[in-house]
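Protein chains in written order, with this note's numbering: chain A, 1 to 299; chain B, 1001 to 1368; chain C, 2001 to 2200.
Virtual Cβ for every residue (Gly too), placed ideally from N, Cα, C.
From a predicted model like this one, the values you see are computed outputs, not experimental measurements.
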Amino acid sequence: MSNFENTAYNFAYLDEQTKRMIRRALLKAVAIPGYQVPFASREMPMPYGWGTGGIQVTAAVIGPEDVLKVIDQGSDDTTNAVSIRNFFQKTTNVETTEETAKASLIQTRHRIPETPLTDGQILVYQVPIPEPLRFLEPRETETRKMHALEEYGLMHVKLYEDISRHGDIATTYAYPVNVAGRYVMDPSPTPKFDNPKMNNMPALQLFGAGREKRIYAIPPYTEVVSLDFEDYPFTIQKWEEPCALCGETESFLDEVILDDAGGRMFVCSDSHYCKSRQEQGHSGSQSPDAEKASREVAE
Amino acid sequence: MYVAVKGGEKAIENAHRYLAEERRGDPAIEELSLKQITEQLSHAVSRVMAEGSLFDRELAALAIKQARGDLIEAIFLIRAYRTTLPRFGYSAPINTADMALDRRVSATFKDLPGGQILGPTFDYTHRLLDFALAAEGLEAEQAKEAEEAVDEDVPRVLELLNKEGLIEAAVPGESDESSSVGDLTREPLEFPAGRDVRLQNLARGDEGFILSLGYSTQRGYARNHAFVGEIRIGHVAVEFVPEELGFAIEIGDILVSECETVNQFQGSKKVPAQFTRGYGLAFGHCERKVIAMALVDRALRADELGEEKSAPVQDEEFVLSHSDNIQATGFVEHIKLPHYVDFQSELELVRRLRANALRTQTTLEAAE
Amino acid sequence: MMTSDTVPLPGGFENNVLDATACFRVVLDAMARPAKIHSLPVSTSPPRGLNVGTVAVLLTLGDMDTPVWLASECDTAEARAYLRFHAGCPILEDPRQAVFAVMSIERDLSITEQLSLGSAEYPDRSATVILESERLIEGEGPLFSGPGFDAPRRFCVEEQPASLWSYVSANQALFPRGLDWIFTSDSQLAALPRSTKVEV
Chain A
1 MSNFENTAYN
11 FAYLDEQTKR
21 MIRRALLKAV
31 AIPGYQVPFA
41 SREMPMPYGW
51 GTGGIQVTAA
61 VIGPEDVLKV
71 IDQGSDDTTN
81 AVSIRNFFQK
91 TTNVETTEET
101 AKASLIQTRH
111 RIPETPLTDG
121 QILVYQVPIP
131 EPLRFLEPRE
141 TETRKMHALE
151 EYGLMHVKLY
161 EDISRHGDIA
171 TTYAYPVNVA
181 GRYVMDPSPT
191 PKFDNPKMNN
201 MPALQLFGAG
211 REKRIYAIPP
221 YTEVVSLDFE
231 DYPFTIQKWE
241 EPCALCGETE
251 SFLDEVILDD
261 AGGRMFVCSD
271 SHYCKSRQEQ
281 GHSGSQSPDA
291 EKASREVAE
Chain B
1001 MYVAVKGGEK
1011 AIENAHRYLA
1021 EERRGDPAIE
1031 ELSLKQITEQ
1041 LSHAVSRVMA
1051 EGSLFDRELA
1061 ALAIKQARGD
1071 LIEAIFLIRA
1081 YRTTLPRFGY
1091 SAPINTADMA
1101 LDRRVSATFK
1111 DLPGGQILGP
1121 TFDYTHRLLD
1131 FALAAEGLEA
1141 EQAKEAEEAV
1151 DEDVPRVLEL
1161 LNKEGLIEAA
1171 VPGESDESSS
1181 VGDLTREPLE
1191 FPAGRDVRLQ
1201 NLARGDEGFI
1211 LSLGYSTQRG
1221 YARNHAFVGE
1231 IRIGHVAVEF
1241 VPEELGFAIE
1251 IGDILVSECE
1261 TVNQFQGSKK
1271 VPAQFTRGYG
1281 LAFGHCERKV
1291 IAMALVDRAL
1301 RADELGEEKS
1311 APVQDEEFVL
1321 SHSDNIQATG
1331 FVEHIKLPHY
1341 VDFQSELELV
1351 RRLRANALRT
1361 QTTLEAAE
Chain C
2001 MMTSDTVPLP
2011 GGFENNVLDA
2021 TACFRVVLDA
2031 MARPAKIHSL
2041 PVSTSPPRGL
2051 NVGTVAVLLT
2061 LGDMDTPVWL
2071 ASECDTAEAR
2081 AYLRFHAGCP
2091 ILEDPRQAVF
2101 AVMSIERDLS
2111 ITEQLSLGSA
2121 EYPDRSATVI
2131 LESERLIEGE
2141 GPLFSGPGFD
2151 APRRFCVEEQ
2161 PASLWSYVSA
2171 NQALFPRGLD
2181 WIFTSDSQLA
2191 ALPRSTKVEV
């Protein structure tokens, strides 16, 4: 927003009273892993659905010593990630980075970085619909009761219906997890590929849903289990080919359409991870090195 | 060789410049002044003040100008600004019985103390495009001043009914009078919400949404035939009690629109038949909004009055969760943001399910 | 200053915004890594009745929306005036509505039974207990585990009453309802959220 440059706002934009309210909610969220704490979400100078929850959480947490990384779809360079990073640069003047390992605070939409996070880092998720039961029961009054009674049968019924209809669980992102053996939680629309990373993660995970006015958290080293069945265990996505730029076979890949004749390639969704692998000398079918190499062979 | 898409930052900057240029339009055409907007687009200003929850004509005009006339965008600008303002305290409740009236009509009585005051209304205009307005520089016709001043004492219509006990007493909300009034800008919405919070939600709610819900009750989805007991539009004083003074001082006046409806009520096991009320109030001149609001308010009282709930408009959680156009526009529009990762997950699944199905089919055919 | 008597009040944070942010990060980390001792990032001078850690927590998290209850050993005119002036906290006579309850570790902790535990539907609406002590000790005392522990840890405080761990343990059994405990001294801070299990 352009009026930032000419108006004096508080450090990290939010007023101190709002920060206190969010901070109190964050502490309760950490104390009750996976439980959604209602909070008086404020109207932010960006639209609901663009990460206002994550932004409020980051604003309440960030300090001048932090090094901030912002990603959307795994990438530091998508327009919304750029816009949020600029917002915090302008309002806090903190150092920003694209390097996962260098960041003390990472705000994300839809991905967990491929580089394992470490003790002392904080990962802030932007959440659109925090309620994992919402698609089964639209009423807050009902889902709140279900959480209170630990009544999660409906969720298992839904997953099982998938299996009987499709032969497989048809949930591929926002795949529900159980946190610390108590609350069923929505991991935000991350692909289920990322679910195993949440389990026993050394970093603190904070979740902010601005429009729905909820905050929740997973403390470090907390058990996070993806819901499944004994005969249909949880599995993650796999690709038949490696990343076309860095040759990685273990990362989440984005599909890129190359032409209108069915030409496509797969590249890492985590742009920084891919770039640093390439810098380390890894290559794939579409990387400049590979082309050079194939030319050399031909000669 | 493939090069990943880069340059989000540049693209954003350029988009902002392009937007500024488009907002201004042809520079040969004179720029809009805020005064022009407050004076000549006053209904737009009213709507932005009402749904933006901030009574400030100048800021509303600025927001309308900046948003290129997109009123939801303008409301958003005002809301985002409003949350940054410090709170000094809460005003005393305004008293619409003491309103300096621009307009006051009742549909329930032909004549009544204080009379009917039409005021500046579109109601009886014939909706014919006035091509004379297309020519600039014409002097507008001046309205003739009334021979008699508006009565000092204009009693509220519903109070006249109340004297006979035909209508329920105005209720301050489910919470008792001593407890404080809720504020959904400071506390997350919770269900069941009190009538105070419901009314606040409706007053800030999208005019189109409230209008359609009100309409649905008239067409039979939770039909509850309503009469407009009274519509009042005019200025009321805002009073504030500074702690150090201990008594109320007037800090200004605001233009508000108010509608009270008289609704049928068959009575229930608990309450004998009597008329009931619906209430609408909002900043500015926005009659359509407050009439619709009163209809919706009345419909949302189903639980309190022991009525059967059968329609969306009676469903508090449904109505209150979806009335805010800033929340709605944000979430509806956010699906244009990148969703590569979720989509890739779905692609992978659909491809796999189709491959499985094909394999099963081939095996079956081979077996036959 | 607006004290009821003439005792001058000690000052609050030097830098309201940055000190509160630094203190919050310490409390957040303490809650996320229970039974680990953190050094306080500020050294404000507290009013009589409260220690530095308690003051750091209340200046960071307290305001007009967080009623505070002070146990008799902490409840001085100076402490009341300090919290009202610097944080704007209402001070309660009745502990049941308290968002924060402040007490010395040496006292009879049965008063915590009166604090709000939250409800099954809103377990977050519970009190946080701030327990003041001379010194927090890592590596000794009972073994703690649960969310936030890569491995079980030992933790205790000086002069703790024998009943402390049975209160903590009984509270954990109520999960997800329950109290969250913050331990403070003049230079340290640690926390035990309700999710932490204790082996006495």
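| query | result |
| --- | --- |
| To the nearest angstrom, how far is it from the Cα of Leu2164(C) to the Cα of Tyr2122(C)? | 26 Å |
| Buried or exposed for Phe88(A), going by 16 or more other Cβ atoms inside 10 Å? | buried |
| Here's the rule I'm using: 16 or more other beta-carbon atoms within 10 Å means buried, otherwise exposed. How should Arg1024(B) be labelled? | exposed |
| Buried or exposed: Tyr1018(B), going by 16 or more other Cβ atoms within 10 Å of its Cβ? | exposed |
| Applying the criterion that 16 or more other CB atoms from any shown protein chain within 10 Å of the CB defines a buried residue, is Ser271(A) buried or exposed? | buried |
| Does the segment 1127-1146 of chain B come close enough to the segment 1184-1197 of chain B that 3 or more CB-CB pairs lie under 8 Å? | no |
| Using a Cβ-Cβ distance under 9 Å, would Arg1082(B) count as near chain A? | yes |
| Of all Cβ atoms in chain C, is any one closer than 9 Å to the Cβ of Leu133(A)? | no |
| At 4 residues or longer, what runs of the alpha helix (DSSP H) sit wholly inside the segment 1018-1093 of chain B? | 1034-1040, 1042-1052, 1057-1066, 1071-1082 |
| Between Glu1058(B) and Ala1067(B), how many whole angstroms is the CB-CB distance? I'm expecting something under 8 Å. | At roughly 15 Å, the Cβ-Cβ gap does not stay under 8 Å, so Glu1058(B) and Ala1067(B) are not in contact. |
| Sort out for me which residues DSSP pairs Ser41(A) with in a bridge. | For Ser41(A), which the question treats as bridged, DSSP gives no partner whatsoever. |
| Can you tell which of Ile236(A), Gly49(A), Pro219(A), Ile32(A) has the C-alpha that lies nearest to the C-alpha of Ala170(A)? | Ile236(A) |
| Taking Ser1042(B) as the reference, give the member of Glu1021(B), Ala1020(B), Glu1031(B), Gly1069(B) with the closest Cα. | Gly1069(B) |
| What is the DSSP secondary structure of Glu2199(C), reduced to helix, strand or coil? | strand |
| What does Tyr221(A) reach in chain C if we use C-beta pairs closer than 8 Å? | Pro2147, Gly2148, Phe2149, Asp2150 |
| Taking 9 Å as the threshold (beta carbon to beta carbon), is Thr1362(B) in contact with chain A? | no |
| Check for me: the beta strand (DSSP E) holding Cys268(A) runs from which residue to which? | 264-268 |
| Considering only DSSP beta bridges, list what Ile213(A) is partnered with. | Checking the displayed sequence, the identity of residue 213(A) turns out to be Lys instead of Ile. DSSP lists no partner for Lys213(A). |
| Nearest-angstrom Cα distance between Thr2044(C) and Val179(A)? | 38 Å |
| Taking the alpha-carbon positions, what's the Val1341(B) to Tyr1090(B) distance? | 47 Å |
| Quick one, which of Leu1213(B), Ala1328(B), His1322(B) has its alpha-carbon nearest Val1313(B)'s? | Leu1213(B) |
| Among Ala2035(C), Asp2029(C), Pro2034(C), Gly2011(C), which one has its Cα closest to the Cα of Arg2048(C)? | Gly2011(C) |
| Met2031(C) versus chain A: which residues are under 7 Å apart at the beta carbon? | Leu27, Val30, Ala31 |
| With H, G and I counted as helix, E and B as strand and the rest as coil, what does DSSP make of Ser2116(C)? | coil |
| Do we get a CB-CB distance below 9 Å when we pair Glu63(A) with the residues of chain C? | Looking at the sequence shown, residue 63(A) is not Glu but Gly. Yes - at least one Cβ of chain C is within 9 Å of the one on Gly63(A). |
| Please tell me whether Ala1092(B) and Phe1209(B) are closer than 9 Å, where the distance is taken between their beta carbons. | no |
| Compute the Euclidean distance between the alpha carbons of Val2027(C) and Ile129(A), then round it to the nearest angstrom. | 28 Å |
| Less than 9 Å between CB atoms is the rule here; does Arg2084(C) satisfy it with respect to chain A? | no |
| For Leu2179(C), which of Met44(A), Leu117(A), Ala31(A) has the nearest alpha-carbon? | Ala31(A) |
| If you drop the 5 nearest sequence neighbours on each side, which residues of the same chain put their C-beta closer than 7 Å to that of Asp1253(B)? | His1235, Val1236, Ala1237, Val1238 |
| Which residues does DSSP list as the beta-bridge partners of Cys2156(C)? | Ile2137(C) |
| Would you check if the distance between the CB atom of Met198(A) and the CB atom of Pro191(A) is smaller than 9 Å? | no |
| Looking at the secondary structure, which residues open and close the alpha helix (DSSP H) in which Ser2169(C) lies? | 2164-2172 |
| Out of Glu16(A), Met21(A), Val157(A), Ala217(A), which has the shortest C-alpha to C-alpha gap to Glu1187(B)? | Met21(A) |
| Can you find a C-beta in chain C that's less than 9 Å from the C-beta of Leu198(A)? | Inspection of the sequence shows that residue 198(A) is occupied by Met rather than by Leu. Not an interface residue. |
| Under the three-state reduction of DSSP, which class applies to Gln1116(B): helix, strand or coil? | coil |
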